[in-house]
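First up is the structure itself, then whatever we jot down about it.
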Amino acid sequence: MIEKDWVEEGDRAPAFTLTSDSGEKVRLSDLKGSPVVLYFYPKDDT
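Counting in this note's numbering, the sequence shown runs from 188 upward without gaps.
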């Protein structure tokens, strides 16, 4: 298996955990079976 730092279109997403706007930890596995869209927005004035 080749390890890489990015995901290409059509690749399976790797397991990850992110913090929501409300501070809740959300794991990709928690959303299994649902469509998932990640939207990254930098803090204002950064």
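C-beta atoms are modelled at their ideal positions from N, C-alpha and C, and glycine is treated no differently.
- 6 Å Cβ shell around residue 203 - same chain, five flanking residues per side excluded: As a working mapping, residue 203 is identified with position 16 in the sequence shown. Answer for residue 203: 215, listed in chain order.
- Task: Consult DSSP for residue 218 and reduce its assignment to one of helix, strand or coil.
- Result: For the purposes of this step, residue 218 is identified with residue 31 of the sequence shown, where counting begins at 1. Residue state, collapsed to three classes: helix.
- Item | Euclidean distance between Cα positions of residue 197 and residue 231 | Position 10 of the sequence shown holds residue 197. Position 44 of the sequence shown holds residue 231. Going from the Cα of residue 197 to the Cα of residue 231 covers about 32 Å.
- Whole-Å CB distance - residue 225 paired with residue 213, under 8 Å assumed: Taking the first residue of the sequence shown as position 1, residue 225 is located at position 38. Taking the first residue of the sequence shown as position 1, residue 213 is located at position 26. Their Cβ separation, rounded to whole angstroms, is 10 Å, which puts residue 225 and residue 213 out of contact at 8 Å.
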